[in-house]
Amino acid sequence: MAKFTFVPLATKTPAPLRVDGDDVGFSPRGSLLGLSVSTMGYTTHVSQRVARVKLALTRLYRFRDLATGLKLHLIKALVIPILSYPPVPLYTLSHTAISRL
Numbered sequence: 001m002a003k004f005t006f007v008p009l010a011t012k013t014p015a016p017l018r019v020d021g022d023d024v025g026f027s028p029r030g031s032l033l034g035l036s037v038s039t040m041g042y043t044t045h046v047s048q049r050v051a052r053v054k055l056a057l058t059r060l061y062r063f064r065d066l067a068t069g070l071k072l073h074l075i076k077a078l079v080i081p082i083l084s085y086p087p088v089p090l091y092t093l094s095h096t097a098i099s100r101l
């Protein structure tokens, strides 16, 4: 059970979880296929994605003198995949989180 993290998505403290007779603790955050989930929802995932995009954009700043088409190609190849994978259900995000993405 060391590989698994159980994140309660409830406002109340859940009942203890028992697997094979052992109590399994809950964690405030976890990750599944790159999607970060916490007890507050997907806000940590959005914050991580925004930070990674800012880092990618600062690395691309050195290519600021390239032609517009080449810059657009670099953005589509290096920045957009960071924002689009893994897909987050937009109905679960607030308007502020959507605008940050």
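Using the UniProt record's numbering, the first residue of the sequence shown is number 1, and each one after it goes up by one.
Idealized CB from N, CA, C, for every residue including glycine.
Three-state secondary structure (DSSP) of residue i
i	result
L33	coil
K12	coil
L57	helix
Residues sharing a beta bridge with residue i, DSSP
i	result
G41	S38
F63	Beta-bridge pairing links F63 to no other residue.
R18	D23
First and last residue of the uninterrupted alpha helix (DSSP H) at residue i
i	result
L70	T68 to L78
T5	No alpha helix (DSSP H) contains T5, which DSSP labels as neither H nor E.
T92	No alpha helix (DSSP H) holds T92; DSSP gives it neither H nor E.
Residue i CB to nearest heavy atom of the ligand ZN below 6 Å
i	result
F63	This structure does not include the ligand ZN; it has no bound ligands of any sort.
Beta-carbon gap between residue i and residue j smaller than 7 Å
i	j	result
P86	L35	yes
P8	P14	yes
V19	R100	no
G30	T5	yes
R62	L83	no
V37	V79	no
Assigned exposure category for residue i - 16 Cβ within 10 Å defines buried
i	result
Y91	exposed
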